[in-house]
Every structure is written in structure tokens, then in C-alpha cells.
Amino acid sequence: MEGQLGKYDLLERLAVGGMAELFLARSKARHGFQKTVVLKRILPSFAEQPDFVQMFLTEAKLAAGLHHPNIAQVFDFGEDDGSFFFTMEFVAGRNVRQVLLAGHQNKIPMPLSCALRIVDNVAAGLHHAHETRDVDGTPLQIVHRDVSPSNVLVTYDGNIKLVDFGIAKIAARGPGTVAGSLKGKVSYMSPEQCRGELVDRRSDIFSLGTLLWELTTGRKLFGLDALGLELLKQVERAEVPPPTGVIPNYPPELEAIVLKAMARDREQRYATAQEFRDSLEEFTLKHQIPLSSSRLSAHMEKLFPMRNHESVSLVSSLPPVPTDLSLIHI
535 MEGQLGKYDL
545 LERLAVGGMA
555 ELFLARSKAR
565 HGFQKTVVLK
575 RILPSFAEQP
585 DFVQMFLTEA
595 KLAAGLHHPN
605 IAQVFDFGED
615 DGSFFFTMEF
625 VAGRNVRQVL
635 LAGHQNKIPM
645 PLSCALRIVD
655 NVAAGLHHAH
665 ETRDVDGTPL
675 QIVHRDVSPS
685 NVLVTYDGNI
695 KLVDFGIAKI
705 AARGPGTVAG
715 SLKGKVSYMS
725 PEQCRGELVD
735 RRSDIFSLGT
745 LLWELTTGRK
755 LFGLDALGLE
765 LLKQVERAEV
775 PPPTGVIPNY
785 PPELEAIVLK
795 AMARDREQRY
805 ATAQEFRDSL
815 EEFTLKHQIP
825 LSSSRLSAHM
835 EKLFPMRNHE
845 SVSLVSSLPP
855 VPTDLSLIHI
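Take a look at the structure:
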């Protein structure tokens, strides 16, 4: 037991990030009612800094307004003796980074159907966020800006949850991100994000394209031989190797989808995450590839036969995923 915060018992510290920490927590109510949640608390060193508190509040408000099966739901917000926190749904599963690492360690390849289900579901969640409006009907123009393996959760029953809108940009209102700022994981940024430009939903589409490229080739795309400024330049150039050059029997139609999502010029990408998703679903229907939760659940069972349903890490502390996994079956 890690202590108590408001009405929540802190059961286990899951992770610590740049400005906040995560706990597995449980709330109690009358008549024996209990609910397990994940609690995110701003670190004490930032709790007295107004700018960081405002960022934290913005994240909580933004995430609480998103209601979609492929986005982790925020339930509650609170303050206890100057400590700000919010709670979100407890997700029994692992993030994609952990799934890839487990597959590599156990030499269990990810079926193409599972890779495509993950990307399809993330696209659905992103489209919901991108389309969200305020109470007056004004589009918020939300951009996640950190679509990456550690922010995509795969539940043990084969469902997908997008998490961590901590650095999301809201164009319509609130403290936005100005040109010149740089936030997110460089290996999964878009070229315009690397240049510090203002971004729109098509930036998230590029990031999701990177995830699709990696999941369907079994290799890491950017950052194989570069770090720091050189990595930034590598992503900004968006020189994406065609997947058929990595896997000779890679489906050409799927390759076209990947390369369109990752076009350096955002005007050449899919205009929306739904358009991206439509292309994926057209491909899977044509080739009779089922995007079922049961198949993904069966894959998770192979990877984590002794899975622990009582804890989940929303921020991975595992070592980096190997750069050449060679584990995807096409």
C-alpha cells in the first residue's frame, strides 16, 4: 500500500514520468462498493508551478471529454492538500512496446490480422479525438502528438486503448503549442513536428503510419543508426523504405496505404484518420483478413500466459525494442 489520496487508496506505484506519476488505486464507497482505477498525480516538485499545474488540468479536462471505446476513459479529478490528480480506467493488458518485446523474446510472430487490428482501432480513437467539439459545437482540433507504441495499450481480451493526451494540442482554445516547440518521441513524430511547425490531425496520421510500418515489417523505422539531431533530420526527411524492400512478399496494396499515410508532404497524406481506416478495412475485406478481438486475445495469451490482471504499466520502463524483430507474418 502506497498511502491514500482523497478517497483513493494507492495500491502500487506503476511509473514515473516527466511531470507526473501513476498509481494503481482503489476507491471505496458505501455497501462495500470498490473500483480499481489508475491514478495520475502531478509530482510534488511541479505542484507549485502554475504553468505545469495548468498543463495537467488541461490534460485532465481534454481526456475527460473524450468518450470512445479505443480511448482510455478519464473518470475523476481531484485535489488533496495541494496535490492534483485525476483517475482513469484500469486497463488489464500491455502496451505495444511490451507486446513487441515479448514477441521477440519468445520468438512468437505477430499475425498480420493482429497488427492491422491495432492500427485500425487506434485510427478509430484518433478520429474521435480529432472530430471532438466543445459545448458550442466548435471543433477543438485536438492533435495527440505522441502516437507511439508505449501509448497504445492492448488488453488481454484483444481490445485497444489509446492513452496519454498529456502533450496534445488544442487549437480552438486553452494553452496551445506555439511554433518552434518540440514535444513527443522523435522516432514517431511527423516531419512538420520535427520542424517545430504548428501541426494538425495529419501529423497523427504520419505517426500512426510509422506504427503500421513497424508492426507489419517487424523492424524499427527511424532511429536505427541515428540519435539526437541526426535522428530529427532523418525523420524530417521522411525517407521511408518501401516495406516490399524489407519483406519481398509484402502486399503491394498495403504498402501503398503505408506510404500514403507517411507522405512527407501532409497534403499528400490521408486527410483524416477515418480515411486511413477506410483504406485498411477495404484491404482487409478484399483479402479476407479478420480484425477480430479473439485473434488478438489469443496472441496475447501466447505472449503472456502468466499474465497479471492486477497491474498494468501505462508508461513502459522496459529496455528499447530490438531494431530488427523479423517477427511479422505476412
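Take the sequence shown: its letters are residues 535 to 864, numbered as in our numbering.
Heads up, the beta-carbon is just placed ideally off N, CA and C, and yes, glycines get one too.
In this text, all values refer to a predicted model and were calculated from it rather than measured experimentally.
- Counted as a single uninterrupted DSSP element, the stretch harbouring residue 597 is not any beta strand (DSSP E) but the alpha helix (DSSP H) occupying residues 584-598.
- Per DSSP, the beta-bridge partners of residue 667 are 673.
- C-alpha of residue 812 to C-alpha of residue 832: approximately 25 Å in a straight line.
- For residue 680, no pairing in a beta bridge is given by DSSP.
- By DSSP's assignment, residue 571 forms a beta bridge with 559, 623.
- By the C-beta density criterion, residue 777 is buried, having at least 16 other C-beta atoms within 10 angstroms.
- It is roughly 14 Å from the alpha-carbon of residue 756 to the alpha-carbon of residue 798.
- In this structure, the beta-carbon distance from residue 746 to residue 774 does not fall below 8 Å.
- With a 10 Å radius around the Cβ and a threshold of 16 neighbouring Cβ atoms, residue 605 comes out buried.
- Contact between residue 780 and residue 687 fails: their C-beta atoms lie close to 26 Å from each other, not under 8 Å.
- Closest option to residue 698, judged by alpha-carbon separation, among 691, 689, 677, 690: 677.
- With respect to the 8 Å criterion, residue 750 and residue 657 are not classified as neighbours on the basis of their beta carbons.
- In the DSSP secondary-structure assignment, residue 629 is bridged to 687.
- A distance below 6 Å between beta-carbons, with the five flanking residues on each side excluded, links residue 636 to the following residues of its chain, in chain order: 837.
- Burial is judged here by how many other beta carbons sit within 10 angstroms of a residue's own beta carbon; residue 682 has at least 16 and is buried.
- Between residue 690 and residue 621, the gap from beta carbon to beta carbon reaches 8 Å or more.
- DSSP assignment within the region 753-837 yields the following whole alpha helix (DSSP H) runs of 4 residues or more, N-terminal first: 762-771, 786-795, 807-820, 827-837.
- The Cβ atoms of residue 769 and residue 723 lie closer than 8 Å to each other.
- Ranked by Cα distance from residue 735, the options 670, 761, 664 are led by 664.
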